[in-house]
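Visitor: If you scroll down you'll find the structure; I have some questions about it.
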Amino acid sequence: MNNIRQALTLVILMLLSPWASADIASWQGPSFTPDDAGMQPSNSTYEGFKIPTNSTISSSHFSVEPKWVPASDNGTVWSADSVNGFSKGVVNGTSYLTANGDLTLATNSTYGEMTDFETISPQFAHWSSEGDEFWYPVNLSAVSYGPENSTSGDFAAGTNGTLLPGSSGYIRSEFWPLPAVVRYFNLSFDRWNSLDSGDTAGVQYSIDNGTNWQILDNWTGNTTTWTQETYSLDLLVQNATNIGFRFYVSKLNTSAATEGLFIDSFNLSNQGDPQAAWFHGNKSGEYSANADGTLIVPVDISGLTAPLELIYQANWDMQGGNYDNLVVMISQDNGSSWTIMSPLPGVPAHGIGVGGTTYNQHSWNWREIIHPFPHWAAGSLNASNTLLKFRVTTDNTVNQGGAAIDDWEGIMIDDLTVFSGAGSQNATRIMLENFTDNSDHYLVNVSGYPNDWQYIDWEGFNGPWSSYDSFEEIQGLPAGWRIDHVRGSTSWERGVIDNSNGYGPNVTLWPSGSNGMGINLDGIYSNHVYTHLISPKYRIPDDATARLTFNHWICTETDWDGGSIFTSIDDGITWQHFGNNISGFYDRTSTVNPNSPFYQLGIFDGSTVANGCGTANPSHTFSRVSGDISHLQEMM
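Every position in the sequence shown, counted from 1, becomes a number in the working numbering once 399 is added.
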């Protein structure tokens, strides 16, 4: 065979030979690893394959699976219904379900947290915290760190006394609506700080509900005594509607441990308009019986576009109903004839609805009242000489609002405005009278009947306003929890169950531990209660399955009263109703009271309890409620 023919033959043999002519090397290492299971990761190296010299690895694959090893004995019975239950167990390297403490072998990424209200610590009543948990209300007379004493009372907002390197966190105030008249709007507080070089602390403000935070001031280093800080806010809040503040501390990873930042005597104030108003009543007791008092206020509504609406501010503490009321009238013929503008029997009558809430005998502050002008008022030739009559009549029995006299009794008015072109694109609001001058106002008396109208300078709308906090109001609750009580004499409280007076659950034991949260744990709840129990912030991992689960007992007036759950994903600035889409989660939908904050929303009220809710029903015990909150992951 010549060389050319030999080469050709070799090429043909190569083309006809299979590509996978090499051997397969099998695993020759151990059949399982590690030798002993443990809590720590295993990092092992094995010689498991033997390959001929100068061989090429063209591909490889492997598979692993868990290996279960039988226990050396049958183990020990340990279950929820055993004698000791889970009381002797320790969670180590795993987590537990929030429902009833059942353990799970799932990894820690299946985050669970349960609060049974047994362990408490001092919590802020009006501030929320975020970040590392070192902010507390601190009784400076009871600790050996921080300032020697507070500047007001016993407590100050401060830290736990040892801020470790890398720590960061803040406390945030509520958001206050800005006054309608911003004038000398100031913030002041006292501060004391102990910080290492490179650490920072400061105060920030937000005028967009916490979406953005601006630095108002910051500090570092150490102070030996309290330092008072004062800031003018007038120019910072132009075109804004609210404002909130937060104090923060941020430490470098390389810094030394320090005592941090302490704040006391927080004061937000606004001078506003000079105080002035018209008041029908008594500054320190009952208003007059059988009164018939009239106040006349001349106004000019010429050149305005119909329809017109009269808007004024009113603050009252009076009987209302069909007995004691304010009626508003208009005249454009110098008082010869009068047309009633306010619905009869007047204000407050059987309740004035404002912002979804009905105010009856107490307004609990200034409330905006609106009455439409007659359709002919704007086009009248005498529109520039319009008279408004504010007439108050009372009967001869109850001469106060509510069950008892508390400070002043009666009704006061301020800031008369007109809304021109109501409902149109060119609608405008014009001030008619703010009562800083009463020179052209006059009273009309009826012989034999008292007239309690009086011009006052100790109260008024848009007058001085302030919010002060010396951090003395402390709530003993689990970390991060707080009670936000709006009104009523029975708020949320923590403690034991006392049903000795015939109210509450028919058992005195909580489903877990000795303490729980309830509204009046030893009696009946009061009228007009509006109170909130707020949890700390929870972080739900991505792709996690999470549920809110709790045990509760409730018995209220069906449909009229009740409780509900709301969630927030912006640190409690806004709240969204929870559970309406979960079948059977709530007892019913609130339908009878359009002024209720729960109207058309699901509520718990005990109305679905068989044979009726209450202490007298031995079958009405605590019930468990659960709902999926996975959609809130990485947001709560």
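Think of the CB as a built atom: it goes at the ideal place given N, C-alpha and C, for glycine as much as any other residue.
1) If you reduce the DSSP assignment to three classes, tell me which class L743 lands in.
2) Indicate the three-state DSSP secondary structure (helix, strand or coil) for N784 in the structure shown.
3) Measure from the alpha carbon of R347 to the alpha carbon of each residue in C954, G912, I968, M916, then state which is nearest.
4) Could you check the C-alpha separation between F533 and V727 for me, to the nearest Å?
5) Nearest to P849 by alpha carbon, out of D836, T792, G719, N825?
6) What do you reckon, is the C-beta of E547 under 8 Å from a heavy atom of the ligand MG?
7) With a threshold of 8 Å, are at least 3 pairs of Cβ atoms found where one atom belongs to the region 962-978 and the other to the region 1010-1018?
8) In three-state DSSP terms, what is F1021?
9) Kindly provide the ranges of any beta strand (DSSP E) runs that are 3 or more residues long and lie completely inside the region 601-685, ordered along the chain.
10) Please classify A541: does DSSP put it in a helix, a strand, or coil?
11) Is it buried or exposed for I450, if we count other Cβ within 10 angstroms and need 16 for buried?
12) So, helix, strand or coil for L709, using DSSP?
13) Between Q799 and the rest of its own chain, which residues show a CB-CB distance below 6 Å, the 5 nearest in sequence each way excluded?
14) Taking the straight line between their C-alpha atoms, what separation do you get for T948 and G978?
15) According to the neighbour-count rule (16 or more other Cβ atoms, all chains shown, within 10 Å of its Cβ), is E512 buried or exposed?
16) Quick one: what's got a C-beta closer than 8 Å to H774's C-beta in the same chain, skipping five residues either side?
17) Taking 7 Å as the limit between beta carbons, can you name the residues of its chain near S779, skipping five residues before and five after?
18) Give the DSSP bridge partners of T757, in chain order.
19) Taking the CB atoms as reference points, tell me whether W852 and F678 lie closer together than 9 Å.
20) Near L876, which residues of its chain fall below 6 Å by C-beta distance, leaving aside the five closest residues on each side in sequence?
21) Under the rule that 16 or more other beta-carbon atoms within 10 Å means buried, what is M830, buried or exposed?
22) Could you check how far apart the C-beta atoms of I769 and E708 are, in whole angstroms? I think they sit under 8 Å.
23) Where DSSP assigns a beta bridge to N585, which residues make up the other side?
24) What did DSSP end up calling H774 once you bin it into helix, strand or coil?
25) Just grab the DSSP bridge partners of E446 for me.
26) Identify, in the order they occur along the chain, each residue of the same chain with its Cβ nearer than 7 Å to the Cβ of N499, setting aside the five sequence neighbours on each side.
27) Opposite G692 in the DSSP bridges: which residues?
28) Between which two residues does the beta strand (DSSP E) carrying Y841 extend?
29) Quick check on DSSP: helix, strand or coil for L1031?
30) Under three-state DSSP, which class holds A556?
31) Decide yes or no for the touch test of the region 604-613 against the region 630-650: beta carbon pairs closer than 8 Å, at least 3 of them.
32) Please classify W763 as buried or exposed, where buried requires at least 16 other C-beta atoms within 10 Å of its C-beta.
33) With respect to the beta strand (DSSP E) encompassing S989, which residues constitute its N-terminal and C-terminal limits?
34) Among F772, H1019, W959, which one has its Cα closest to the Cα of R987?
35) Whose C-beta lies closer than 8 Å to the C-beta of T626 among residues of the same chain, with five residues either side of it excluded?
36) Could you tell me which residues DSSP puts in a beta bridge with L920?
Guide: Answer, in terms of the structure:
1) DSSP, reduced to helix, strand and coil, places L743 outside both helices and strands of the structure shown, so it counts as coil.
2) In the structure shown, N784 sits in a helix (DSSP, three-state: H, G or I).
3) The first residue shown for the chain is 400 and the last is 1035, placing residue 347 beyond what the model contains.
4) Their Cα atoms are separated by approximately 56 Å.
5) Checking every option, the nearest Cα to that of P849 belongs to T792.
6) For the structure depicted, the ligand MG is absent and the ligand set is empty, with no information on it obtainable.
7) Under the 8 Å Cβ criterion, the region 962-978 does not count as touching the region 1010-1018, having fewer than three qualifying pairs.
8) F1021 falls in the coil class under three-state DSSP.
9) Listed in chain order, the complete beta strand (DSSP E) runs (minimum 3 residues) inside the region 601-685 are 613-618, 626-631, 641-649, 659-669, 676-681.
10) Correct three-state label for A541: helix.
11) Burial call: exposed.
12) L709 sits in a strand when the DSSP states are folded into three classes.
13) Hits under 6 Å: E685, E808.
14) Going by the C-alpha atoms only, they are around 12 Å apart.
15) It counts as exposed.
16) A705, P706.
17) Within the same chain, Q731 come within 7 Å of S779 by CB-CB distance, once the 5 residues on both sides are set aside.
18) Beta-bridge annotation (DSSP): T757 is paired with G752.
19) Yes. Within cutoff.
20) Short of 6 Å from the beta carbon of L876, and not among the five residues preceding or following it, lie these beta carbons of its own chain, in chain order: I519, Q522.
21) With fewer than 16 neighbouring CB atoms inside 10 Å of its own CB, M830 falls in the exposed class.
22) Contact check for I769 and E708: beta-carbon distance about 5 Å, within the 8 Å limit, so the pair qualifies.
23) According to DSSP, N585 bridges with S631, S668.
24) H774: coil per DSSP, three-state reduction.
25) Under DSSP, E446 forms no beta bridge with any residue.
26) Because the pLDDT of N499 is 42, which lies under 50, any placement of that residue in the model is unreliable, and the number read from its coordinates should be weighed accordingly. Correct list: empty, nothing qualifies.
27) Per DSSP, V791.
28) Boundaries of the beta strand (DSSP E) around Y841: 841-843.
29) Three-state result, L1031: helix.
30) If DSSP states are grouped into helix, strand and coil, A556 belongs with the strands.
31) The region 604-613 vs the region 630-650: in contact.
32) Exposed is the call here.
33) Run containing S989: none; DSSP gives neither H nor E here.
34) Residue W959 is the option with its Cα nearest to R987.
35) For T626, the CB contacts under 8 Å within the same chain, skipping 5 residues up- and downstream, are D589, R590, W591 in chain order.
36) For L920, DSSP records no beta bridge to any residue.
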